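A quick write-up on the structure given underneath.
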Amino acid sequence: MWHKGWRDHIWSAIDQPWDLIIIGGGITGAGVLRQAVTAGLKSLLVEANDFAFGTSSRSSKLIHGGFRYLRNKQFNVTKESVREREWMLREAPNLVAPLSFVLPNFERYHFPSWKLGVGVMIYDLLAPKWDHRKCSLTKLLEACPFLNAGGLVGGFQYYDAVMDDVRLLLRILREAVQAGGVALSYTRAERLLRTSDGQVCGALLRDRLFPDGRTAEVKAKVVVNASGVWSDEVRTQLGQPARLRRLRGSHLVFGRAKLPVNQAVTLFHPRDGRAMFVIPWEGTTIIGTTDIDHDPALDEKYLEPFASEEEISYMMEAVSFLFPSLGLSEKDIVSSFSGLRPVIHTGAATPSKESRAHAVWEENGLITITGGKYTTFRVMSRQTMDRVLARLGKAQTAPRDRIFDPVPDLPTVPLEPSRLAYLAGRHGNETGRFLTAAKQGDLEPIGQLPNVWAELRWAAREEGVEHLDDLLLRRVRLGLLLPNGARDLLGRIRSIVQPELEWTDQRWQQEEASYLQTWQRYYSPKPG
Ligand SMILES: Cc1cc2nc3c(=O)[nH]c(=O)nc-3n(C[C@H](O)[C@H](O)[C@H](O)COP(=O)(O)OP(=O)(O)OC[C@H]3O[C@@H](n4cnc5c(N)ncnc54)[C@H](O)[C@@H]3O)c2cc1C
């Protein structure tokens, strides 16, 4: 779909009146594009970097209600989220998968067991479902063999869901584009255009792939600002005050052999009692996350957020408390990643006390949708569309419950059913074409990971890859999942993707050097 020359093709026809321009190619913008196309609007989404470059590639990968929000009494956020989780599990199986969590209780938490029990019960009732249980010490240690037995007093088991944030977003974006929407990466909305009475009526767009990139003043009846933590930058052009608190959250990735867990664990950090997760993900184990105010001065020096030394020690302290017998050290970290939460500033004393609710603001005709969570993207995009349709004077269309297109019957291929289901979840209605495009050896697994080599070929050919970072950090996440950013595999990766991307040897060398530098600076075990 995003074949060679796709960006030129879009740029050649960009200067035409649109019903809607969406600024931001994260999950929020993708959700709005999907709804807008369904409502019959001629819609253009622009993303300043790669699709999902912002927070939407840096989440904890959970579709969840946020068990910890119950502690902050944010019942509405939890209720909305667990209901969205149940919807996604039904509508996007294999892309969003159920994940069992254990919640061990330790003496040092000073937390009566009955309180945790009430918590998991409310969590289920809000969904509504009934799928939690109390666990004896024996059951807990059976479920999680390396768990700290010292001071362990019992616990609970409950369910949430797991996904790959970029793949979920790409599936929505691609299906929106198949249905007639237009999505353009590496294109920044540099300035809002306004009518003589100050109403927003379009944006000056700049192509960021080239140093003096082409520009166009593009008009639209409505502009939606879905630019995540950058939303204030767009709004302040209208003289509006900043309203976001940018909170950084970081994660560490370990090899599954070093940190073997078959189900997720919810823990309270031994130092400050903050809730954290250990999550089995894509053949690795992730621990996260931190929650701290992000210093804006870092943005002047660095292009991406990264985990600080203090955050790494804080997370190591948590993992060592939970699994002391594994003797984990910083040497065992495979990679790290960090993202910024777009949280609406209410002046809460600590970052973790700020609400994760979303908000829609309308200012001089600009509709901003921000805050919220990945899990609630459908609710956020529906509410945005209600505002868009009202501005256009159109009747509200029936809310579209179905977001994902169904997966058609698949051809018979030499793949285990679980791996085929995994690929079908990611590629949806394109899975048949994906499988047909695979060449000899492409359907072999990549080491111990759930991925196959064919994903690299397909991404290079069909998924709008403009840089090697796009491929290895977002399309197929080898840069996070394998040691040294998958440096040892670059030879085989090159043999597959260089011909697909039609890169010269010189271009490959530049891309490889730039990717390794990005990985070292922002995603390695010692970033910065
Ligand atoms: C550490 C962490 C863990 C999280 N874990 C979870 C979780 O497990 N589950 C969950 O539900 N939620 C989670 N969240 C929250 C969730 O990830 C975010 O709410 C969500 O990804 C925000 O998506 P977005 O589209 O609004 O913003 P983004 O994904 O940041 O997208 C905004 C995009 O706008 C682009 N942009 C900015 N300015 C411009 C411009 N001028 N022109 C064009 N494009 C522009 C940016 O490049 C960016 O890609 C987590 C967040 C963090 C930080």
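In terms of the numbering used here, the sequence shown is residues 188 to 715. Heads up, the beta-carbon is just placed ideally off N, CA and C, and yes, glycines get one too. All values derive from a computational prediction rather than experimental measurement.
Report yes if the C-beta distance between residue i and residue j is below 9 Å; otherwise report no.
i, j, result
"Leu220", "Val575", "no"
"Ile359", "Ile520", "no"
"Ala217", "Leu356", "yes"
"Ala732", "Asp419", "Beyond the ends of the chain as shown, which are 188 and 715, falls residue 732; an answer cannot be given."
"Ser542", "Gln344", "no"
"Leu391", "Thr402", "yes"
"Val405", "Gly389", "yes"
"Arg375", "Val600", "no"
"Arg528", "Arg433", "yes"
"Leu515", "Phe441", "yes"
"Thr563", "Ala413", "no"
"Asn616", "Asp596", "no"
"Ser437", "Arg255", "no"
"Glu649", "Trp189", "yes"
"Leu602", "Leu630", "yes"
"Leu228", "Leu579", "yes"
For residue i, I'd like the list of residues in its chain whose CB is within less than 7 Å of its CB, leaving aside the five on either flank, ordered along the chain.
i, result
"Glu496", "none"
"Ala700", "none"
"Trp468", "Lys248 and Val349"
"Val448", "Cys331, Val465, Pro467 and Thr472"
"Trp645", "Phe621 and Ala624"
Alpha carbon to alpha carbon, how far is residue i from residue j?
i, j, result
"Leu677", "Leu655", "10 Å"
"Gly252", "Leu313", "9 Å"
"Val416", "Arg422", "11 Å"
"Val732", "Pro714", "Here the chain covers residues 188 to 715 and nothing more, so residue 732 does not appear."
"Ile209", "Thr557", "13 Å"
"Asp347", "Glu329", "20 Å"
"Arg272", "Arg565", "11 Å"
"Trp205", "Gly634", "46 Å"
"Arg270", "Gly651", "32 Å"
"Ala608", "Leu276", "14 Å"
"Asp486", "Phe493", "11 Å"
"Arg295", "Gly304", "17 Å"
"Phe298", "Ala336", "17 Å"
"His319", "Ser287", "9 Å"
"Gly666", "Lys626", "23 Å"
"Val307", "Thr477", "23 Å"
"Pro712", "Leu509", "20 Å"
Across which residues does DSSP place residue i in a beta bridge pair?
i, result
"Gln344", "Val289 and Arg320"
"Phe510", "None, per the DSSP bridge assignment."
"Met463", "Leu454"
"Asn412", "Ile210 and Thr555"
"Phe524", "His438"
"Lys445", "BP columns for Lys445 are empty, so no partner."
"Arg433", "Pro529"
"Thr402", "Arg393"
"Pro632", "Val639"
"Gly475", "His438 and Phe464"
"Asp519", "None; Asp519 has no bridge partner."
Excluding the five sequence neighbours on either side, which residues of its own chain have a C-beta within less than 6 Å of the C-beta of residue i, listed in chain order?
i, result
"Val568", "Here the sequence assigns Ser to residue 568, which means Val is not the residue at that position. Excluding positions up to five away in sequence, the list reads Gly218, Val219 and Gln222."
"Glu491", "Tyr709"
"Leu439", "Ile474, Met502, Ile520 and Ser523"
"Ser243", "Gly213, Ile214, Asp352 and Leu356"
"Arg613", "Arg354"
"Trp317", "Asp311"
"Gly385", "Asn551"
Following a CB-centred definition, is residue i positioned closer than 8 Å to any heavy atom of ligand 1?
i, result
"Ile210", "yes"
"Tyr561", "yes"
"Lys248", "yes"
"Phe493", "no"
"Phe254", "no"
"Leu527", "yes"
"Ala403", "no"
"Asn449", "no"
"Ile576", "Note that residue 576 is Leu in the sequence shown here, rather than Ile. Answer for Leu576: no, Cβ out of range of ligand 1."
"Ile214", "yes"
"Asp480", "no"
"Ala239", "yes"
"Trp695", "no"
"Asn335", "no"
"Asp352", "yes"
"Glu234", "yes"
"Glu377", "yes"
"Ala413", "yes"
Sorted by chain position, which residues of the same chain lie with C-beta nearer than 8 Å to residue i's C-beta, five sequence neighbours on each side aside?
i, result
"Pro632", "Arg606, Asn638 and Val639"
"Leu327", "Val289, Pro291, Leu334, Leu339, Gly341 and Gly342"
"Arg443", "Pro467, Gly470, Thr471, Thr472 and Gln635"
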